[in-house]
Structure formats: C-alpha cells, structure tokens
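J.: Okay, here's the structure, questions in a sec.
Protein chains in written order, with my numbering: chain L, 154 to 636; chain U, 154 to 636.
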C-alpha cells in the first residue's frame, strides 16, 4: 500500500493550469527521462528510448527503400572545417563545445563536438567523388550531436540529442531538389502515419533557414498549448558546401563540375512532440503504431477467484502475442487494479484489457481506449479481429483529433493587431500575408514573439497584403510561437 | 575498360608477405573504411557499418531476451566523477579527451568525452535505486566512446569507436556474478555462431583486468597472423562503483546495503576480427549469417544471348528473395564477369551464382563458394533447398576452419625459452603454467612481447610449474601477442 500511496502523492499539474509544468510532470511520472549532472543533457530512460528505437526502425526502412545506406562519420570536427562555409560557421559557432586537450596533451587545433556533419561529410565526399559514375551518393547517419543551448527543455532542446542526418550529393540541381522533396515527403508520411501528428509542409523564410542552405523546407506541428514544433527539416544546399569543400566530379562531357548536395534530419525532439500533441491530464497517450506495449491485460476481481481469471488472461496474452500484437499482462497482486489503471494510462498504453470472474463467466473482456476513455465489452472469441481493428481505429482517431485541434487553433490575420490578438489570446497558428522583407518578419516577432514557421506549399487562403506593411503579399506564411 | 584496369592496378599484398599491409589493403579495397582528418578516427563506410548493424540486431535480440532494456546516457562526464573510483581514474585518465570550452565560455569543470560509462551510470543508479524492489536494474546502451590512443589501427584501435555497454545492479554478489557469466556466454555464442569465430573463455589476470573491476572475464580469438584479439569482456565490479557513487538500497531486513554491479561490452573491433580470421589473399570472406549479401547472381555469356539469361537470372533472384535469402544480382554490361568475380570475392560475398546460355539450356546454375572456391552445378529447380543448405554448410565450415587454424597454432610451453620460440617462430597461442605473480607475467612480456590473454575455464592441459620461476603453477594461462 505504501507504493500505491507514493504514486498518488504528486498529481500531474493540469494542462489548463500550467502547460510547461504539465509537460515536465508527465515526462518524469511516465518515467521517460531524468536530468543528468551535465547542464542540458538528459538521460533517455528505457520507456523513451524504446519510442526512439521504434522511430528508427520505421524511418530506416524508408531510407533504405529509397536507396540510402547508413555510414558513420567522426564525432570530432577540426575547427578549420567550420571556416569553409561562411554562413555555417556563423550559425553554429556560438553553440559549439570544444575539445582542447586529449591524451594528456594540448591539441594543436581545437576539435568541435559535431553539431551536424555537413563539413566532415563534405570533406570525405571530396575524396570519394571523382566521376559522374560515382553519383548520386546517398548516405545517412544515426548519431548523437551536441549544441550548447542557453535554455534547455527535455527532449525539445537539449545540449546533446540523438538524430539522423542524411547527406546526399548529386550531379544536377534538379536531382538534388527532387531528393530534398522526397525526404520531406518521407518525413511527412512518417510523422503523420506513424506518430499520428498532422504537419504543415512548407519552405522556411531566409531568416529561418539552416545555416549554409540555399533553401530549407520543414514540417511544422502544433502542440496542445498552441505553440509550433518543427518536426523535421530537409535542406537543398546547392553548391555551397561543394564549393567550400571542393567536391567536384568529371562529367560525361569531360568538364570538372561541383556537385549539388542536400541534408535532412529528424531528432529525439519528436518525443517531445508526441507527448505534447497526444498527452492529457492523465499522462502520456501513445499512438498504437509507436507504442511498445499496445495492449495491457489486467486481471481483476477478488483474491479467491483469481486463479482461473489469471489463467484465462494468460491464454489471451499468448493468443494475441501469436498474432504479432504487442501485449503485456500485469498480474501482480501486491498493487490494486486501480493503481494499475492509473499507471498504464500515465504511460500511454493505447488499450487496457480488463478481465474479471464475471467476464470469464460470460466469455468476454472489457476494452478501454486510452485516447477517448471509451469502454466496450468484447467476446473473447472475437478478440483476434476486434483488437487489430480497434488499434487501427485509435491510430486513425488520434490523428484526426490532432488535426481537428489544429484546425480549431488556426487563424488568418490581416494586420499586426489581429496577429497579436490571435497569438496571445487564442494561442495558435496564424496565417498572414508577407511582402518578403526581413523587417516585416521581425515586426511580427517584436509585436507578439511569433516567428514565421514556414511558407506552406498548400495554404488554406492566399492573403493579398503584408500583415505588417500592407504592401502586396508575396507569400502566405504561417506564424506561431515555437519550441 | 578504364574502370576495370583501375581496379587491378593495386593488388592486395599477400598475407604471407606482410600481414599488416594485407589488412590495410583489404579494408580499403573492400571499401570498408576511410581515414578521417581527425587523428585515429575512421569513417565507417556503408559496407562495414552494415556488418555492425547486423551484429547490433543479433545481440540486441539476445539482450532483450534476457530481460535487458536499452537507454541512453550523456556523452560528457564531469571530471570529478572519475575521481570516485581510484583504479578507474588511473586506468582511463591518460586516454581522455577534454571539453574545456562550450557555447563561447570556459567551463568551470572540464568534461571528459566518455571512454566508458560506469561513472555516469553509477551516478544515475544512485538516484534510481532505493529499495530491493528496484533491483535488479538491467540496462544496455549502444553508443560511441572515445579513447585517445597513441597507436591506432582501423577498427581494432581507433580514437572513437562504436560499442554497446551493459550496466547492471543487483542485490547480491551471487546474482551479479551470474549476470557476468550469462553475458560472457551470450558473447561467446554470438561470436562463435554468428561471426563463425571460435573463442577461448577465461578470466583476465589482475594486471589485465578492467580498471575498477573485481574480476574481468574475456573471450579471446586468434587472428591469421597468430595474434590474439579480445573479442568481448564482462566485468564483475563488486561494490567498487556502488561505494564510489553511493548506490544503496533498503533491503527486506530494513538495512541499507550497497548494490553489486556488472558491466560488459563488445565493440566495432569485432569487424577487425572478422576480417583477420576469415579473410585471405583475395580479400574479405564473410560468414553467411553476417553477410548483407549472401548470394550474388552474375549472368554471363556473349551479348547476343544476354536477354534470356538476364531474364532467367531475374526470376531466380525473385524466387530466392521470396525465401528470405539476401540475394542481389549484378547484370551491368559495362564491366566483365571476370571483374565482377574479383569484386565480389574482395567484398566477401559467401556464394556466387553464375548463369550463362548453356546453363539456361540445361536448366542449371553454377554455385561458387567464397570460402573454399569449390564449384558445383545445381539444377534451378533445386535451388530453393540447395542454397539455404549450402549457406549453413559454409557457416559451419568457416567456423571449423578457424578452429582448426587455432588448434594448429596452439602450443604448450614449459619454460621461457620454449615460450619465446613458440611466440616468435611459430606465432600463436601458448599455454603455460603461472605462479600468480606479476613479476613472472612481466617476465614473459619482456622475453617475447606476449601478454597473458586469460586463465581459461577449460584448459586443454594443466601445467604443473610456472613458466618463469618454476614454482608450482596456480593457473594455466594462455599467452600471445595481441591487438
């Protein structure tokens, strides 16, 4: 009983009261992470690392299906490498950690701990690529990277994080641009279909693009507090890095030409998105496709009738596992069913399967959805079809619910007053016209702390005037506060 | 034709001429790695990274089957952490790279880039473990680690390498010792059954054990130059780290007790072992279980009869892939079959399947084994059974061949003269009696540069006297030069 009481001592702060506090409560109570003694670095505990592993498996399959292969490049990058692409060094220099001593000696040249690997990989590609026959080069790396952030937030902005970074080199601009778009589409499908998070595809404005890119494309998701989270980016790098690192190939026409490169990445900040899109005041809520445990079986009822119930539950467990469903049973008798209900809701398990003596008599079970709380009685004989179908339904409904939330929190602003009011009072995504100037983009930020998220490929409206200066709009832009 | 010529410009140095040169030739010609601009750090190119991925999949399955879960801990470790276990700091301090500046500021405390994570994980376990109910804790981490080595060698000894490190905490010494042995057994089965490399299980002598361990156990393999390679280690750490980091739990008897910990790891140096155990003068030779491509199909014959041959080859490809075999076809017509034969032998593909117009007429193909060079004609209709069985045979035979090699290079020495002669002239593993003193162990090293590999659990003989001092032997010890 001591254990049960302990679990209830600290309730989760409700989202409506303090969303940031809610987030920090959930990630600790659902046992996802812990703070480490190194500033801004967290420990990924097994429950969050497992989600990352599921993401890796799914994306890796897509990368390989589209002809990419994995490789691994060094963690350390010589300081001189950062000087070779001007914007890149300006963008990343303030965030770099430096190794200055190693093996008892002071190093002649400082080594950065990689914040991203365009420079190192550019250097290697320059050695590997000689002829048009060597192109395209399509590599991906799963790795840790470090950016010494001033303000950190678990999963969303940590000094060290885990990610994948794809790096490709092509003979032509067209091919490189097609690759950039292909990867943005793969990210979109992955985030929407696997994580059940709807996203907006679009292009970053020049002030928000990757340091060193010609064009940056992103997918943007809305969190339950109305803030945006950039869920993945794909960069068309043009010949910037090719020229900086001298990546040239001899073309069919016997001319030496610079290649065109791309890079693209998603990271463990997606775990933060999962929590903030689907979580509620009872804790985490995981879409079935990403959940390590999709169904938790909990035998209930009084001690004296326990044995046949647990036996029947065990049979159901075996049967469902045989179908390839990810099912576990919690048959401990030193914690109450109520405690277990709370615990697995907190951890976000999509379906709870309860079975008690009366159910056993009726040859049925109770299924409870984590996302909606709906309960239904299902005959044991129908579980094999009912459960897979319910998991599909939940996956689908979670996506739709998130989409509805986004629609309910999307606005269109004609001027800065409207923008400010929507951002500060309604909290959400605001579509507005933009003339294309840095000044007008900055004016929005100064007015209400919202930044441009992206220029959507498929805007719901086409505003005619710039939200700040009123001149004709060049683009429709989504603005929002962001993580 | 230019491409073909280029490939033949530089032949591999024969093993008999210069084994080290042979090794470096193979890893570059088989496209496994490249040197990076950072001292001692290599690039794992796709062909080697793929092997590592196969190893990860196989081991990860075993770790999870035995109740372990993956997690991820920070890359950086505060300097003060290393002071908490005396032997540990002495062992690792000379090899540490230090981050002294980050985000534009000089750090107050230097951060080591992890060489291994006992200290960081010990610190976290101290927060997580309160009660006997929290035990055992069974975690594993897949990560990069850095040790600033003076002399480096690709895969075998690199400044940065990839590995897994398991870290467990237990209530009793017995449980921790059982875990240590369980993991050594898992490594043994993995290296022998999956990589087809026979190993010797045993305990390290005190001078060779892990810095901070009570007992270190290892599996040792012999390379084709007679040198030993430590293929995996499992450490019983006793209460050393538990005391250094204050990892205590409240036991059932209401007493506060220190836990017992273990750690165990294997790394990308196994790739070096794979190459040096199975490779030959034609290049790499991969055991079927680890090979990404198990069978390469090469259509042959004159241009005019190419079309039906390529079509039949394509059908065979589909049929075999449908069986789950990892098969590829190389139907390029701008390189000759001879060039392809050499190329795929170099890359170590276990089976080559050739099919030409005459074969097609006879409804048969030619299978050529990479390990022995044996050729056989097989009817197309029998491929579905013949190929899986041949892959099994190759896997088995490669292990047996490596075992025979080891037996042919194992000796027993009665005194230092014999030891020196076996080590320097015969090149191999030498079993000898040892009195247990550091002096006698050092005497062997001084005489012939061989170090103690381990005290085998199951020695082939039980020498009665110490190889150096002649006093009664406490242990039989394997000595060898080593990587």
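Note that the Cβ used here is the ideal one computed from N, Cα and C, for glycine as well.
Could you have a look at residue 573 (chain L) and say whether DSSP puts it in helix, strand or coil?
T.: Helix at residue 573 (chain L).
J.: At a CB distance below 7 angstroms, what residues from the segment 185-200 of chain L approach chain U? Give them in sequence order.
T.: Correct list: 187, 189, 190, 191, 194, 196, 197, 198, 199.
J.: Do we get a CB-CB distance below 7 angstroms when we pair residue 618 (chain U) with the residues of chain L?
T.: Cβ-Cβ to chain L under 7 angstroms: no for residue 618 (chain U).
J.: Can you grab the Cα-Cα spacing for the pair residue 593 (chain U) / residue 623 (chain U), in whole Å?
T.: The straight-line gap from Cα to Cα measures roughly 10 angstroms.
J.: With residue 293 (chain L) and residue 216 (chain L) assumed to form a contact (beta carbons below 8 angstroms), what rounded beta-carbon distance in angstroms separates them?
T.: Between residue 216 (chain L) and residue 293 (chain L) the Cβ distance is about 5 angstroms, and since that is below 8 angstroms, they are a contact.
J.: Tell me which residue opens and which closes the beta strand (DSSP E) that residue 402 (chain U) is part of.
T.: Element bounds for residue 402 (chain U): 401-403.
J.: Where residue 159 (chain L) and residue 419 (chain L) are concerned, what is the direct C-alpha to C-alpha distance, given to the nearest angstrom?
T.: Because residue 159 (chain L) sits at a pLDDT of 43, beneath the cut-off of 50, its placement in the model cannot be relied upon, and the point is left open.
J.: Of all the residues that make up the segment 247-272 of chain L, which are near chain U by a beta-carbon distance shorter than 9 angstroms?
T.: Those would be 247, 248, 249, 250, 251, 252, 253, 254, 255, 256, 257, 258, 260, 263, 264, 266, in chain order.
J.: Could you tell me which chain L residues have their CB closer than 8 angstroms to the CB of residue 206 (chain U), listed as they occur along the chain?
T.: Neighbours of residue 206 (chain U) on chain L, chain order: 223.
J.: Identify every run of the beta strand (DSSP E) within the segment 550-607 of chain U, keeping only runs that are complete inside it and at least 3 residues long; order them along the chain.
T.: Whole beta strand (DSSP E) segments, 3+ residues: 563-566, 582-587.
J.: Which class does residue 154 (chain L) belong to by DSSP, given the choice of helix, strand or coil?
T.: Per-residue confidence for residue 154 (chain L) stands at a pLDDT of 32, beneath the threshold of 50, marking its modelled position as unreliable; no derived number is given.
J.: Report the rounded CA-to-CA distance for residue 605 (chain L) versus residue 370 (chain L), giving the unit in angstroms.
T.: Their Cα atoms are separated by approximately 13 angstroms.
J.: Quick one: does residue 607 (chain U) have its CB under 7 angstroms from some CB of chain L?
T.: No - not a single Cβ of chain L is within 7 angstroms of the one on residue 607 (chain U).
J.: What are the residues of the segment 272-294 of chain L that lie near chain U, defined by any Cβ-Cβ distance shorter than 8 angstroms?
T.: Going along the segment 272-294 of chain L in chain order, one finds 273, 276, 277, 280, 281, 286, 292 with a Cβ nearer than 8 angstroms to chain U.
J.: Which of helix, strand or coil does DSSP assign to residue 630 (chain U)?
T.: DSSP places residue 630 (chain U) in strand when its eight states are reduced to three.
J.: Excluding the five sequence neighbours on either side, which residues of its own chain have a C-beta within less than 8 angstroms of the C-beta of residue 573 (chain U), listed in chain order?
T.: Only 600, 601 meet the Cβ criterion.
J.: Using 7 angstroms as the threshold, is the C-beta distance between residue 320 (chain L) and residue 329 (chain L) below it?
T.: Cβ atoms of residue 320 (chain L) and residue 329 (chain L): not closer than 7 angstroms.
J.: For residue 394 (chain L), does the count of other Cβ atoms within 10 angstroms reach 16, so buried, or fall short, so exposed?
T.: Buried, because 16 or more other Cβ atoms sit within 10 Å of the Cβ of residue 394 (chain L).
J.: Kindly list, in the order they appear in chain U, the residues whose Cβ is closer than 8 angstroms to that of residue 231 (chain L).
T.: Simply 190, 191.
J.: Output yes if chain C places a C-beta closer than 7 angstroms to the C-beta of residue 471 (chain U); else output no.
T.: Going by chain labels, chain C is absent from the structure shown, which instead holds the protein chains L and U.
J.: On the CB-based measure, 16 or more other CB atoms within 10 Å of its CB, does residue 528 (chain U) come out buried or exposed?
T.: It is exposed - the Cβ of residue 528 (chain U) has fewer than 16 other Cβ atoms within 10 Å.
J.: In chain U, what lies closer than 9 angstroms to residue 301 (chain L) by C-beta?
T.: Here the neighbours are 255, 256, 257, 258.
J.: Roughly how far, in whole angstroms, is the beta-carbon of residue 165 (chain L) from the beta-carbon of residue 179 (chain L), given that I think they are within contact range, below 8 angstroms?
T.: Confirmed, about 6 angstroms.
J.: Does any C-beta atom of chain L lie closer than 7 angstroms to the C-beta of residue 226 (chain U)?
T.: Residue 226 (chain U) counts as touching chain L.
J.: For the segment 409-443 of chain L, which residues have a CB atom closer than 7 angstroms to at least one CB atom of chain U, in sequence order?
T.: For the segment 409-443 of chain L, which is checked against every Cβ of chain U, not one residue is closer than 7 angstroms.
J.: Looking at C-alpha atoms only, which residue of L:286, L:251, L:259 is the closest neighbour of residue 257 (chain U)?
T.: If we check each option's Cα against that of residue 257 (chain U), L:251 comes out closest.
J.: For the segment 305-316 of chain U, which residues have a beta carbon sitting closer than 7 angstroms to at least one beta carbon of chain L?
T.: Those residues of the segment 305-316 of chain U that come within reach of chain L (Cβ to Cβ, closer than 7 angstroms) are 313, 315.
J.: At a cut-off of 6 angstroms, is residue 372 (chain U) close to the ligand COA when judged by its beta-carbon and the heavy atoms of the ligand?
T.: Of the ligands one can find in the structure shown there are none, so the ligand COA has no counterpart to examine.
J.: Could you tell me the boundaries of the alpha helix (DSSP H) in which residue 221 (chain L) lies?
T.: First-last for residue 221 (chain L): undefined, no H or E at that position.
J.: Is it right to say residue 349 (chain L) is buried, meaning 16 or more other beta carbons lie within 10 angstroms of its own, or is it exposed?
T.: Residue 349 (chain L) comes out buried.
J.: Over what stretch of residues does the alpha helix (DSSP H) that includes residue 389 (chain U) continue unbroken?
T.: Not the alpha helix (DSSP H): residue 389 (chain U) falls in the beta strand (DSSP E), residues 381-391.
J.: Is there a Cβ from chain L that is less than 7 angstroms from the Cβ of residue 176 (chain U)?
T.: Not closer than 7 angstroms to any Cβ of chain L, the Cβ of residue 176 (chain U) fails to qualify, so no.
J.: Enumerated in chain order, which unbroken segments of the beta strand (DSSP E) with a length of 3 residues or greater are wholly contained in the segment 408-483 of chain U?
T.: Those beta strand (DSSP E) runs which fall completely within the segment 408-483 of chain U and span 3+ residues are 409-411, 413-420, 448-452, 480-482.
J.: Using the Cβ count rule (16 or more neighbours within 10 Å means buried), how would you classify residue 154 (chain U)?
T.: In this prediction, residue 154 (chain U) scores a pLDDT of 32, lower than 50, which makes its location untrustworthy; the coordinate-derived value is nonetheless stated afterwards. So residue 154 (chain U) ends up on the exposed side.
J.: Going along chain L in order, which residues have a C-beta closer than 7 angstroms to the C-beta of residue 202 (chain U)?
T.: 223, 224, 225, listed in chain order.
J.: Looking at the secondary structure, which residues open and close the alpha helix (DSSP H) in which residue 297 (chain U) lies?
T.: Here residue 297 (chain U) belongs to no alpha helix (DSSP H); instead the beta strand (DSSP E) covers 290-299.
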